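Asks: Chains B and L, in that order, are what the protein sequence lines are.
Each residue of the first sequence is one higher than the one before, counting from 1 in full-length UniProt numbering.
Each residue of the second sequence is one higher than the one before, counting from 1 in full-length UniProt numbering.
This is the structure, below, for whatever I ask next.
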Amino acid sequence: MPRLSTSILRHARHQHPLLPLLLRACHDLDSARNELRWLRKHALKTGDSKSSAPTWQQRFHRLCLERAKGVPLQYILGTQPFGDLEILCKPGVLIPRPETESITTYLASLISSAFTLKLSQRAKGIDESQWVADQKPLRILDLCTGTGCIPLLMHAILSPRIQNLRIAGADISPTSVSLANENLKHNIKGGSLQEKANEQLSFYHADVFSDDHCAGRANHTVWDILVSNPPYISPSAFNKTTSRSVRNYEPKEALVPPQNLLETGEESIRSTDTGDTFYPRLLHIAQQVHAKVLLMEVADIAQATRVVELVLGTRRWEACQIWRDWSGARKEKRKRKRKRKREVILINGSITRVMGEGNGRAVLVWRDGGGKMLGLSERCR
Amino acid sequence: MFSLNSCRMAFGVIRPTRPAYLVVRRSFTSSNALAAARLPPRMVIKEEDIKEAFLKGSGPGGQKINKTSSAVQLKHIPTGTVIKSQATRSRSQNRKIARRIIAEKIEEAEKGPESRVALKAGIKSKKKASKSKKAKRKYRALQEEKDDQEEEEGVGMKEPVEEPVKEERE
């Protein structure tokens, strides 16, 4: 990281005496100023009426010092907005990222609009509410759920349209599972999730790599859609490319795949990059649970390409797409009738569409009518 | 240690009613509601006319970085107006706020003094003027009363003059 210039520090001190502290964590004045505002609000809000308690100014100062050390803002404030939800964040559980928010919202909007299309094409003489109630339940499973942000946001977006939902999230960490359950209660209480989420949403403890996971709940149930934001950073990339606050304060097990699997694991895992450990396993589980759609978050376009190669190698999937950070972006442009070339990549002799703008962020694969479920129909081969 | 509140609960002391000044402050006129009714409706801008710039920082994102900025930048294509909103931590909130701000800006540019924003500002400044006028009148009356008293008592202290100034600021 480049050193902060004296002029920017002086400038910051002139604006607020605590601003230089936040510059250590933010590195630019604009976001430092925003964080100062949010921390101040937090210090004012979390008052204690006891006379021995510190004043809000003292609390404010302490919060700024913590942030300067690199503690993530979300751990200090205790929350992170995710769509219209407010997700509680605690040390030991990965903080939801805006990129995940973007791809989750995009996936949910595809499902929702495909459902509406299907509704409009129903046979004549059938009542709308009757048709909606008669639909088979839509089952969505999220592996490595963390705070539970993906299942919660999916439910928030889908439940107004689709009545029959069954969504679950699984994580290896018991802290995550209890936090995800807390988030479920918190958002129902806050009014951003419907009351029925209590019955339709559940979180459980499971290890993706253990076989009893498959023998357990995931295998005996059939899931239509499988989503996952697994750890995808290789150990070398963890040391070089992650930011200080991520490296020092967020759980490493949520970022870097476990390395002991590489020595003892299957052949397919051993031969790939150390950040890609989860993807063959996710493809395997998707087949076991008869998933029609699988969405996996990845680090960049290079990893996305490697995952697509894996997908093509299995020969079990009908089609695949790569999504960039802001997947909805290009769709808006198409509405304005400005012609743009569709972005594609040639991987192992097959053409793969790339959607949206920004870094490569996710790989979407589908089969057996999964494309219809999302309103997508093109083939990748 | 008993706090004042717990003592009240324990001994059943009746809570004091609302302080008188709070009651007096309530407005009984319908001037606010009338003013709001006279305002033109909010302008709605078509989604096709807006270009949302996704502020993609260079370098990696996702799990590797923990961004806290969720700024949203909008450009209104027909007029070229650009605005940025980073009011809240939530991107979806910022998108809503940005759309509202850009609608206000464009309306202001189109209609000038007839626009919702200008009318609102007019109402606000009028209110402020009348408030300060009332305050001045009140303190002038108070001052005169005091001066009268002082004259009667025959003491010429300058100190109390500072107090009204302090109050006025509130």
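Positions of the beta carbon are idealized from the N, C-alpha and C atoms, including for glycine.
Here the structure is a predicted model, which means the values were calculated and not measured.
If you compare alpha carbons, which of B:Gln135, B:Leu110, B:Gln74, B:Leu65 is closest to Ser327 of chain B?
Replies: Indexing the first sequence from 1 puts residue 327 of chain B at position 327. For Ser327 of chain B, the nearest C-alpha among the options comes from B:Leu110.
Asks: Would you say Arg97 of chain B faces chain L, with C-beta separation under 8 Å as the test?
Replies: By 1-based counting over the first sequence, the position of residue 97 of chain B is 97. For Arg97 of chain B, the answer is yes, since a Cβ of chain L falls inside 8 Å of its Cβ.
Asks: Between Lys196 of chain B and Gln288 of chain B, what straight-line distance do the alpha-carbon atoms span, to the nearest angstrom?
Replies: Start at 1 with the first residue of the first sequence, and residue 196 of chain B comes out as number 196. Start at 1 with the first residue of the first sequence, and residue 288 of chain B comes out as number 288. When rounded, the distance between both Cα atoms is 28 Å.
Asks: Tell me which residue opens and which closes the beta strand (DSSP E) that Phe203 of chain B is part of.
Replies: Counting from 1 along the first sequence, the entry for residue 203 of chain B is found at position 203. Run containing Phe203 of chain B: 201 to 205, per the beta strand (DSSP E) assignment.
Asks: Please say whether Val354 of chain B and Ile322 of chain B have beta carbons closer to each other than 8 Å?
Replies: Here residue 322 of chain B is taken as the residue at index 322 of the first sequence, counted from 1. Here residue 354 of chain B is taken as the residue at index 354 of the first sequence, counted from 1. Yes, Cβ-Cβ distance for Ile322 of chain B and Val354 of chain B is below 8 Å.
Asks: Quick check on this structure: which residue in B:Ser112, B:Phe238, B:Gln135, B:Ser243 has the alpha carbon closest to the alpha carbon of Pro257 of chain B?
Replies: The sequence position of residue 257 of chain B within the first sequence is 257, counting from 1. Selected option, being the one with the closest Cα: B:Phe238.
Asks: Please identify, using Cβ separations under 8 Å, the residues of the region 87 to 98 of chain L that lie next to chain B, in order along the chain.
Replies: If the cut-off is 8 Å between Cβ atoms, the region 87 to 98 of chain L has Thr88, Arg89, Ser90, Arg91, Ser92, Gln93 near chain B.
Asks: Flag this pair as yes or no: are the beta carbons of Ala156 of chain B and Gly83 of chain B separated by less than 8 Å?
Replies: Taking the first sequence and counting its residues from 1, the one referred to as residue 156 of chain B is at position 156. Taking the first sequence and counting its residues from 1, the one referred to as residue 83 of chain B is at position 83. A contact, by the Cβ cut-off of 8 Å.
Asks: Buried or exposed: Gln74 of chain B, going by 16 or more other Cβ atoms within 10 Å of its Cβ?
Replies: As a working note, residue 74 of chain B is residue 74 in the first sequence. Buried: at least 16 other Cβ atoms inside 10 Å.
Asks: What are the boundary residues of the beta strand (DSSP E) that Lys75 of chain L is part of?
Replies: By one-based count along the second sequence, residue 75 of chain L stands at place 75. That run of the beta strand (DSSP E) goes 72 to 76.
Asks: If the cut is a Cβ gap below 7 Å, which residues of chain B does Ser85 of chain L touch?
Replies: Translated into the one-based positions of the second sequence, residue 85 of chain L becomes position 85. Per Cβ cutoff of 7 Å: no residues; Ser85 of chain L is ~11 Å from chain B at best.
Asks: Consider the Cβ of Lys65 of chain L: report whether some Cβ of chain B lies at a distance smaller than 8 Å.
Replies: As a working mapping, residue 65 of chain L is identified with position 65 in the second sequence. Sequence inspection shows Ile at residue 65 of chain L; the Lys mentioned does not correspond to that position. Output row for Ile65 of chain L: interface = yes.
Asks: Looking only at C-alpha atoms, which of L:Ile77, L:Gly80, L:Pro78, L:Gln73 sits nearest to Gln86 of chain L?
Replies: Walking along the second sequence from the start, residue 86 of chain L turns up at place 86. Checking every option, the nearest Cα to that of Gln86 of chain L belongs to L:Gln73.
Asks: Apart from the five residues on each side of it in sequence, which residues of its chain come closer than 8 Å, Cβ to Cβ, to Asn248 of chain B?
Replies: The residue labelled residue 248 of chain B in the question sits at position 248 within the first sequence. Gly70.
Asks: Run through chain B and tell me which residues come within less than 7 Å of Ser69 of chain L, C-beta to C-beta.
Replies: Stepping through the second sequence from its first residue, residue 69 of chain L is reached at position 69. Ser31, Asn34, listed in chain order.
Asks: Spell out whether any CB of chain B is found under 8 Å from the CB atom of Gly61 of chain L.
Replies: The count along the second sequence starts at 1 and reaches residue 61 of chain L at position 61. Answer yes: the Cβ-Cβ gap between Gly61 of chain L and chain B drops below 8 Å somewhere.
Asks: Taking all protein chains shown into account, decide if Ala123 of chain B is buried (16 or more other Cβ within 10 angstroms of its Cβ) or exposed.
Replies: Against the first sequence, residue 123 of chain B aligns to sequence position 123. With fewer than 16 other Cβ atoms within 10 Å, it is exposed.
Asks: In chain L, which residues lie with their C-beta within 7 Å of the C-beta of Pro72 of chain B?
Replies: As a first step, residue 72 of chain B is located in the first sequence; it is residue number 72 there, counting from the start. The contacting residues are Asn66.
Asks: In three-state DSSP terms, what is Leu295 of chain B?
Replies: For this step, residue 295 of chain B is matched to residue 295 along the first sequence. In the structure shown, Leu295 of chain B sits in a strand (DSSP, three-state: E or B).
Asks: If we ignore side chains and look at the alpha-carbon of each, how far apart do Ile233 of chain B and Pro96 of chain B end up?
Replies: Position 233 of the first sequence, counted from the first residue, corresponds to residue 233 of chain B. Position 96 of the first sequence, counted from the first residue, corresponds to residue 96 of chain B. Their backbone Cα atoms lie some 16 Å apart in a straight line.
Asks: What do you reckon, are the CB atoms on Ala103 of chain L and Ile45 of chain L nearer than 8 Å?
Replies: The residue labelled residue 103 of chain L in the question sits at position 103 within the second sequence. The residue labelled residue 45 of chain L in the question sits at position 45 within the second sequence. A contact, by the Cβ cut-off of 8 Å.
Asks: Nearest to Ala362 of chain B by CA position, among B:Ser236, B:Leu107, B:Thr79, is which residue?
Replies: As a first step, residue 362 of chain B is located in the first sequence; it is residue number 362 there, counting from the start. Comparing Cα positions, the closest option is B:Leu107.
Asks: Per DSSP, what are the beta-bridge partners of Phe82 of chain B in this structure?
Replies: As a first step, residue 82 of chain B is located in the first sequence; it is residue number 82 there, counting from the start. In the DSSP output, where bridge partners are listed per residue, Phe82 of chain B has B:Leu85.
Asks: Answer with buried or exposed for Leu44 of chain B, where buried requires no fewer than 16 other C-beta atoms within 10 angstroms of its C-beta.
Replies: Translated into positions along the first sequence, residue 44 of chain B becomes position 44. Its Cβ having fewer than 16 others within 10 Å, Leu44 of chain B is exposed.
Asks: List the residues of chain L whose Cβ lies closer than 9 Å to the Cβ of Val246 of chain B, in chain order.
Replies: If you number the first sequence from 1, residue 246 of chain B lands on position 246. Those are Gln63, Lys64, Ile65, Asn66, listed as they occur along chain L.
Asks: In this structure, what does DSSP give as the bridge partners for Val308 of chain B?
Replies: What you label residue 308 of chain B is simply residue 308 of the first sequence in a count that begins at 1. DSSP lists no partner for Val308 of chain B.
Asks: Could you tell me which uninterrupted beta strand (DSSP E) segments, each at least 3 residues in length, are contained entirely in the region 86 to 160 of chain L, listed from first to last along the chain?
Replies: You should have found no qualifying run.
Asks: Closest to Arg161 of chain B by C-alpha separation, out of B:Trp131, B:Lys189, B:Pro174, would be which residue?
Replies: Residue numbering aside, residue 161 of chain B sits at position 161 when the first sequence is read from its first letter. Closest option to Arg161 of chain B, Cα to Cα, is B:Trp131.
Asks: For chain L, is any of its Cβ atoms less than 8 Å away from the one on Asn183 of chain B?
Replies: Taking the first sequence and counting its residues from 1, the one referred to as residue 183 of chain B is at position 183. Closer than 8 Å: no.
Asks: State the Cα-Cα distance for the pair Val311 of chain B and Pro251 of chain B, rounded to the nearest angstrom.
Replies: What you label residue 311 of chain B is simply residue 311 of the first sequence in a count that begins at 1. What you label residue 251 of chain B is simply residue 251 of the first sequence in a count that begins at 1. Taking the straight line from one Cα to the other gives about 29 Å.
Asks: Taking Gly80 of chain L as the reference, give the member of L:Gln93, L:Ala109, L:Arg91 with the closest Cα.
Replies: Working through the second sequence from its first residue, we reach residue 80 of chain L at position 80. Comparing Cα-Cα distances from Gly80 of chain L to each of L:Gln93, L:Ala109, L:Arg91, the minimum goes to L:Ala109.
Asks: How about Thr68 of chain L and Arg89 of chain L: do their beta carbons lie closer than 8 Å?
Replies: The residue you call residue 68 of chain L lines up with position 68 of the second sequence. The residue you call residue 89 of chain L lines up with position 89 of the second sequence. Yes, Cβ-Cβ distance for Thr68 of chain L and Arg89 of chain L is below 8 Å.
Asks: Would you kindly report the start and end of the unbroken alpha helix (DSSP H) that includes Thr105 of chain B?
Replies: Here residue 105 of chain B refers to the residue found at position 105 of the first sequence. Unbroken alpha helix (DSSP H) run through Thr105 of chain B: 98 to 120.
Asks: Closer than 7 Å by beta-carbon distance: list the chain L residues that pair up with Leu255 of chain B, in chain order.
Replies: In the first sequence, residue 255 of chain B corresponds to position 255, counting from 1. Result: Gln63.
Asks: Leaving out five residues on either side along the sequence, give the residues of the same chain with a beta carbon under 7 Å from the beta carbon of Gly190 of chain B.
Replies: Translated into positions along the first sequence, residue 190 of chain B becomes position 190. The residues are Glu86.
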